[in-house]
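**Q**
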Amino acid sequence: MSTSLLYHAFGIRGYTYTRTAFVGGTIHFAIDQGKKPLCCSACGSSAVHPRGRTERTFRTLPIGRKAVVIHFEVPRVHCESCGLIRQVEIGFADERRSYTKAFERYALELSRLMTIQDVAKHLNVGWDLIKDIVKRDLSRRFAKRIRSAEPSLPGVVVWPPDRI
Ligand SMILES: [Zn+2]
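Counting in numbering that gives the first Met the number 0, the final residue of the sequence shown is number 163, and the numbers go up one at a time with none missing.
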């Protein structure tokens with residue numbers, strides 16, 4: 000395992016690989032912020048001061064039949080602009096999610112080929128986690144369609160679509 004493989008195989012870019020552990024059939028990779036600059040996750044400001052770290056784990060793509068978990072001590076910073084202490088932004092996972100974006104994409108691809116229960120069983124996660132991933136994808140796509148179909152006048156619905 001290397002920092003380069005972390006990027007090419009798991010989509011985790013800019014972080015430093017530190018160690019691997021094998022526990023009960025699960026592969027654990029630890030990563031570090033490395034030289035990645037610290038910024039506020041809310042306003043993006045770099046006027047921040049370190050305030051410790053919070054250990055978090057993220058499910059990522061499996062290797063064969065083995066689950067892979069990423070361990071990351073997320074730096075916490077005090078932001079001068081916001082006046083608050085927050086975790087820094089994580090490039091490979093969405094806010095408050097316990098899985099990586101690569102895991103999410105993989106689960107979505109599988110969900111197009113099999114049921115939510117099958118995907119959950121294959122990835123060895125709870126059914127509700129896959130349901131959450133599928134639901135978030137649907138609302139993102141729905142919101143995008145609504146935005147692109149939005150007429151210039153508020154409250155005016157364009158119907159029928161041009162192609163009918
Ligand atoms: Zn801020």
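Glycine is no exception: its CB is placed at the ideal position from the N, C-alpha and C atoms.
What number of angstroms, rounded off, separates the C-alpha of alanine 11 from the C-alpha of isoleucine 145?
**A** Here the question's residue 11 lines up with position 12 in the sequence shown. Here the question's residue 145 lines up with position 146 in the sequence shown. In the sequence under discussion, the amino acid at residue 11 is isoleucine, which differs from the alanine named in the question. Whole-angstrom Cα-Cα distance: 31 Å.
**Q** For arginine 12, does the three-state DSSP call read helix, strand or coil?
**A** For the purposes of this step, residue 12 is taken as the residue at position 13 of the sequence shown. Correct three-state label for arginine 12: coil.
**Q** Relative to the alpha-carbon of phenylalanine 9, which residue among Pro49, Pro61, Glu72, Ile89 has its alpha-carbon at the smallest distance?
**A** The sequence position of residue 9 within the sequence shown is 10, counting from 1. Sorting Pro49, Pro61, Glu72, Ile89 by C-alpha distance to the C-alpha of phenylalanine 9 places Pro61 at the top.
**Q** On the criterion of 16 or more Cβ atoms from any shown chain inside 10 Å, does leucine 112 qualify as buried, or is it exposed?
**A** Here residue 112 refers to the residue found at position 113 when the sequence shown is read from its first residue. Within 10 angstroms of the beta-carbon of leucine 112 lie fewer than 16 other beta-carbons, which makes it exposed.
**Q** Run the Cβ filter for me: residues under 6 Å from any heavy atom of ligand 1, listed in the order they occur in the chain.
**A** Those residues that have a beta carbon less than 6 Å away from any non-hydrogen atom of ligand 1 are, in order along the chain, Cys39, Ala41, Cys42, Ser44, Cys78, Ser80, Cys81.
**Q** Cα-Cα, which of Arg55, Lys134, Tyr16, Val68 is closest to glycine 23?
**A** For the purposes of this step, residue 23 is taken as residue 24 along the sequence shown, with counting starting at 1. Selected option, being the one with the closest Cα: Val68.
**Q** Check isoleucine 192 in the structure and name its three-state DSSP category.
**A** Summary: the structure shown does not reach residue 192, with the chain confined to residues 0 through 163, and so no result is reported for it.
**Q** So if DSSP puts proline 74 in a beta bridge, which residue, or which two residues, is it bridged to?
**A** Taking the first residue of the sequence shown as 1, we reach residue 74 at position 75. Bridge partners of proline 74: Arg52.
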